[in-house]
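Below you'll find the structure, written out as structure tokens, and then a few comments.
In full-length UniProt numbering, the protein residues as written are 1 to 332.
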């Protein structure tokens, strides 16, 4: 079905004309029908989308709450930065299920936004679970439990009915058998599901052109993420900056340098894209995303190119190296 074994893509960081660091990437592109369009490396590579799975994890919520405001659906899909706007959206979602911050089982980490993190240090305050980038997803899961008639207790466990359903949705939307969806545990304690790259690309193609029994809910997720890109990530982060610059694009980052994109209006029609940078080198992610979009016919404006500079400068402002992308896409 796919061109397994084609040449991997690479992002190469150079210094003084010498290749200093190399990131290898596997990538899959599929059309709205789930058929392969292009690939680099192994499109059947089984890997964890991590937070790129959040639109799927939010689907039970979108199905159960068709009137949920778009900003609250967006925060349920988010890997947010912990700003006040993000935290308030999470609190509104918690209130709907009669839950509080104490019910969140995501844990706590310093907020991703440097200004918010610095303010906590200045005031001597400790971060709370609200600052965790996954708190919106967890708040959405709590509401899904209430609306689905499931217990909130144990909602992060693999055997909980909500997580069983989310695994089934990964298989359904990815076009694979349930046995092909492997399970681990994510950094925020919910199950993390691994599946082939091409299957994740199908999930994002399904966001770009929803069809089937979940079409309306998927369309609402697409609209929520693209209309509220700030809530999906935050200041200066790739999802937030990229989506407004490419009309019809939904994009979601995942930990360890995974990325998923659904492109609605490109010259090749609706497409789904998924790629994994194998060493987890997240600095290469924007370079790959832009190179793929350009290869698929999206013109790169100066604003887009600025997201992935090709020149490297040191702290004194001197140009000391560069970045090049090698993207040997094999088209089907």
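Ideal placement from N, C-alpha and C gives every residue a C-beta, glycine not left out.
Through-space distance from residue j to residue i, alpha-carbon basis
i	j	result
residue 290	residue 304	7 Å
residue 331	residue 296	10 Å
residue 219	residue 320	45 Å
residue 196	residue 28	9 Å
residue 268	residue 248	13 Å
residue 140	residue 286	28 Å
residue 164	residue 154	12 Å
residue 112	residue 55	20 Å
residue 2	residue 44	In this prediction, residue 2 scores a pLDDT of 38, lower than 50, which makes its location untrustworthy; the coordinate-derived value is nonetheless stated afterwards. Going from the Cα of residue 2 to the Cα of residue 44 covers about 7 Å.
residue 189	residue 157	8 Å
residue 110	residue 127	6 Å
residue 101	residue 92	11 Å
residue 172	residue 250	20 Å
residue 317	residue 152	52 Å
residue 39	residue 6	8 Å
residue 17	residue 198	35 Å
residue 337	residue 241	Here the chain comprises residues numbered 1 to 332, so residue 337 is not present and cannot be evaluated.
residue 281	residue 294	21 Å
residue 42	residue 202	15 Å
residue 213	residue 32	15 Å
residue 217	residue 315	47 Å
According to DSSP, residues forming a beta bridge with residue i
i	result
residue 324	12
residue 196	46
residue 259	253 and 275
residue 40	27
residue 312	321
residue 21	13
residue 185	191
Residue i, buried or exposed, once every other Cβ within 10 Å from all chains shown has been counted against 16
i	result
residue 309	exposed
residue 105	buried
residue 179	exposed
residue 19	exposed
residue 150	buried
residue 144	buried
residue 302	exposed
residue 174	buried
9 Å Cβ cutoff met for residue i and residue j
i	j	result
residue 25	residue 12	no
residue 300	residue 9	no
residue 187	residue 107	yes
residue 272	residue 204	yes
residue 52	residue 253	yes
residue 238	residue 222	no
residue 70	residue 170	no
residue 200	residue 49	yes
7 Å CB neighbourhood of residue i in its chain, flanking five on each side removed
i	result
residue 147	64 and 65
Cutoff 8 Å; reference residue i; Cβ partners in own chain excluding five residues on either side
i	result
residue 288	9, 11, 25, 27, 259, 275, 277, 325 and 327
residue 313	319 and 320
residue 15	312, 320 and 321
Neighbourhood of residue i by C-beta distance below 6 Å, restricted to the same chain and skipping five residues each side
i	result
residue 99	142
residue 78	136, 231 and 232
residue 68	none
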